[in-house]
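My numbering applies: residue -3 is where the sequence shown begins, and numbers increase by one.
Beta carbons are placed, not taken as given, at the ideal position from N, Cα and C, and that holds for glycine.
The structure under discussion appears below in the form of C-alpha coordinates.
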Amino acid sequence: MDFVLHTYAHDPRATSYGLEAARALQVEPDRVFKTLVVALDSSRAVGVVPVSRSLDLKALAAALGSKKAQLADPVDAERVTGFVTGGISPVGQKRRLPTVLDESLQQWDTIFVSGGRRGLDVEVSADDLVRLTDGVLAAIAR
-3 MDFVLHTYAH DPRATSYGLE AARALQVEPD RVFKTLVVAL DSSRAVGVVP
47 VSRSLDLKAL AAALGSKKAQ LADPVDAERV TGFVTGGISP VGQKRRLPTV
97 LDESLQQWDT IFVSGGRRGL DVEVSADDLV RLTDGVLAAI AR
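Encoded structure:
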(Lines of atoms letter the chains of each structure in order from A and count residues from 1; the text may use other names and numbers.)
(Lines give C-alpha, C1' and ligand atoms only; values in the text may rest on other atoms or scores of the structure.)
Protein backbone atom coordinates (compact mmCIF):
# COMPACT_ATOMS: atom_id res chain seq x y z
CA MET A 1 0.00 0.00 0.00
CA ASP A 2 1.34 3.40 -0.96
CA PHE A 3 0.95 6.35 1.37
CA VAL A 4 2.54 9.73 2.08
CA LEU A 5 3.05 11.18 5.56
CA HIS A 6 2.40 14.91 5.93
CA THR A 7 3.41 16.86 9.02
CA TYR A 8 2.44 20.36 10.04
CA ALA A 9 2.81 22.53 13.13
CA HIS A 10 -0.28 21.93 15.25
CA ASP A 11 -1.67 25.06 16.90
CA PRO A 12 -2.88 24.15 20.42
CA ARG A 13 -5.46 26.95 20.14
CA ALA A 14 -7.14 25.27 17.14
CA THR A 15 -10.77 24.39 17.77
CA SER A 16 -11.22 22.19 14.69
CA TYR A 17 -8.30 19.82 14.22
CA GLY A 18 -9.49 18.65 10.81
CA LEU A 19 -9.97 22.12 9.35
CA GLU A 20 -6.59 23.08 10.79
CA ALA A 21 -5.04 20.14 8.91
CA ALA A 22 -6.78 21.09 5.66
CA ARG A 23 -5.50 24.67 5.91
CA ALA A 24 -1.97 23.65 6.89
CA LEU A 25 -1.74 21.06 4.12
CA GLN A 26 -3.45 23.34 1.59
CA VAL A 27 -6.02 20.68 0.74
CA GLU A 28 -9.77 20.98 0.21
CA PRO A 29 -11.58 20.22 3.50
CA ASP A 30 -13.79 17.69 1.68
CA ARG A 31 -10.65 15.63 1.02
CA VAL A 32 -9.51 15.55 4.67
CA PHE A 33 -11.41 13.01 6.77
CA LYS A 34 -11.92 12.84 10.54
CA THR A 35 -12.34 9.64 12.50
CA LEU A 36 -15.07 9.76 15.15
CA VAL A 37 -15.64 7.05 17.75
CA VAL A 38 -19.26 6.19 18.50
CA ALA A 39 -20.99 4.11 21.14
CA LEU A 40 -23.46 1.48 19.87
CA ASP A 41 -25.24 -0.27 22.72
CA SER A 42 -22.29 -1.96 24.47
CA SER A 43 -19.79 -1.75 21.60
CA ARG A 44 -17.78 0.94 19.83
CA ALA A 45 -17.28 1.75 16.14
CA VAL A 46 -15.82 4.56 14.07
CA GLY A 47 -17.25 6.81 11.42
CA VAL A 48 -14.93 8.48 8.91
CA VAL A 49 -16.34 11.67 7.36
CA PRO A 50 -14.99 14.82 5.68
CA VAL A 51 -13.86 17.46 8.17
CA SER A 52 -16.18 19.94 6.44
CA ARG A 53 -19.26 17.90 7.37
CA SER A 54 -20.91 16.28 10.39
CA LEU A 55 -21.46 12.63 11.20
CA ASP A 56 -25.06 11.43 10.75
CA LEU A 57 -25.35 9.14 13.76
CA LYS A 58 -28.60 7.51 12.60
CA ALA A 59 -27.09 6.67 9.21
CA LEU A 60 -23.98 5.21 10.85
CA ALA A 61 -26.09 3.09 13.22
CA ALA A 62 -28.17 1.83 10.29
CA ALA A 63 -25.03 0.95 8.30
CA LEU A 64 -23.93 -1.26 11.20
CA GLY A 65 -27.35 -2.78 11.85
CA SER A 66 -27.90 -0.89 15.11
CA LYS A 67 -30.80 1.27 16.16
CA LYS A 68 -28.89 4.06 17.86
CA ALA A 69 -25.41 5.56 18.00
CA GLN A 70 -23.97 8.42 19.98
CA LEU A 71 -20.57 10.05 19.97
CA ALA A 72 -18.27 8.39 22.48
CA ASP A 73 -16.92 10.42 25.35
CA PRO A 74 -13.44 11.74 24.36
CA VAL A 75 -11.78 9.88 27.25
CA ASP A 76 -13.46 6.64 26.13
CA ALA A 77 -12.47 7.30 22.50
CA GLU A 78 -8.84 7.74 23.53
CA ARG A 79 -8.94 4.62 25.71
CA VAL A 80 -10.36 2.30 23.04
CA THR A 81 -8.20 3.60 20.16
CA GLY A 82 -4.94 4.43 21.93
CA PHE A 83 -4.88 7.82 20.18
CA VAL A 84 -5.37 11.34 21.51
CA THR A 85 -8.49 13.25 20.45
CA GLY A 86 -7.66 15.15 17.29
CA GLY A 87 -5.23 12.41 16.29
CA ILE A 88 -7.53 9.39 16.15
CA SER A 89 -6.72 7.37 13.05
CA PRO A 90 -8.92 4.83 11.28
CA VAL A 91 -5.91 2.47 11.23
CA GLY A 92 -3.57 1.24 13.95
CA GLN A 93 -6.08 1.35 16.79
CA LYS A 94 -5.48 -0.71 19.93
CA ARG A 95 -8.47 -2.85 18.90
CA ARG A 96 -9.72 -2.64 15.36
CA LEU A 97 -13.19 -1.15 15.56
CA PRO A 98 -15.94 -1.66 12.98
CA THR A 99 -15.52 1.18 10.50
CA VAL A 100 -17.99 3.02 8.31
CA LEU A 101 -16.54 5.44 5.76
CA ASP A 102 -18.57 8.14 4.08
CA GLU A 103 -19.10 7.26 0.44
CA SER A 104 -17.93 10.75 -0.63
CA LEU A 105 -14.34 9.51 -0.34
CA GLN A 106 -14.87 7.70 -3.65
CA GLN A 107 -14.66 11.00 -5.54
CA TRP A 108 -10.96 11.33 -4.64
CA ASP A 109 -7.95 9.31 -5.78
CA THR A 110 -6.32 9.96 -2.41
CA ILE A 111 -7.63 11.31 0.88
CA PHE A 112 -6.04 12.49 4.12
CA VAL A 113 -6.66 10.94 7.55
CA SER A 114 -4.99 11.47 10.89
CA GLY A 115 -1.75 9.61 11.37
CA GLY A 116 -2.25 9.02 15.10
CA ARG A 117 -1.32 12.39 16.53
CA ARG A 118 -2.15 16.04 16.01
CA GLY A 119 0.03 17.50 13.28
CA LEU A 120 0.43 14.25 11.32
CA ASP A 121 -1.80 13.20 8.44
CA VAL A 122 -1.53 10.24 6.08
CA GLU A 123 -2.42 10.61 2.42
CA VAL A 124 -3.70 7.29 1.17
CA SER A 125 -5.73 5.89 -1.71
CA ALA A 126 -9.42 5.88 -0.84
CA ASP A 127 -9.71 2.28 -2.05
CA ASP A 128 -6.72 1.21 0.05
CA LEU A 129 -8.23 2.79 3.17
CA VAL A 130 -11.50 0.92 2.67
CA ARG A 131 -9.59 -2.37 2.28
CA LEU A 132 -7.20 -1.67 5.15
CA THR A 133 -10.00 -0.88 7.61
CA ASP A 134 -12.27 -3.62 6.26
CA GLY A 135 -14.72 -0.74 6.18
CA VAL A 136 -18.26 -0.32 4.98
CA LEU A 137 -19.12 2.54 2.61
CA ALA A 138 -22.32 4.45 3.37
CA ALA A 139 -23.79 7.94 3.21
CA ILE A 140 -22.99 8.93 6.82
CA ALA A 141 -22.06 12.61 6.40
CA ARG A 142 -24.46 15.52 6.48
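Apart from the five residues on each side of it in sequence, which residues of its chain come closer than 7 Å, Cβ to Cβ, to residue i?
| i | result |
| --- | --- |
| Leu87 | Inspection of the sequence shows that residue 87 is occupied by Val rather than by Leu. Contacts found: Leu128 and Thr129. |
| Leu36 | Ala57, Leu60, Ser62 and Ala65 |
| Thr31 | Val42, Val44, Ile84, Ser85, Pro86, Val109 and Ser110 |
| Gly112 | Phe79, Gly83, Ser85 and Gly88 |
| Ala68 | Val33, Val34, Ala35 and Arg40 |
Helix, strand or coil for residue i, going by three-state DSSP, please let me know.
| i | result |
| --- | --- |
| Ala20 | helix |
| Pro80 | Going by the sequence as given, residue 80 is Val instead of Pro. Of the three classes helix, strand and coil, the one that applies to Val80 here is coil, per DSSP. |
| Ala73 | helix |
| Asp124 | helix |
To which residues of the same chain is residue i closer than 6 Å at the C-beta, ignoring the five residues directly before and after it?
| i | result |
| --- | --- |
| Val96 | Gly43, Leu56, Ala59, Val132, Ala134 and Ile136 |
| Asp98 | Val45, Ile136 and Ala137 |
| Gly14 | Val28, Lys30 and Val47 |
| Lys54 | none |
Can you pull the DSSP bridge partners for residue i?
| i | result |
| --- | --- |
| Val0 | Glu119 |
| Val132 | Val96 |
| Ala143 | This structure cannot speak to residue 143, because the chain is shown only from -3 to 138. |
Checklist entry - Mind pulling the beta strand (DSSP E) runs of 3 or more residues that sit fully within the stretch 86 to 121? => result 95 to 98, 106 to 110 and 116 to 121
Checklist entry - At what residue ranges does the stretch 9 to 68 contain a whole run of the beta strand (DSSP E), taking only runs of 3 or more? => result 29 to 36 and 39 to 46
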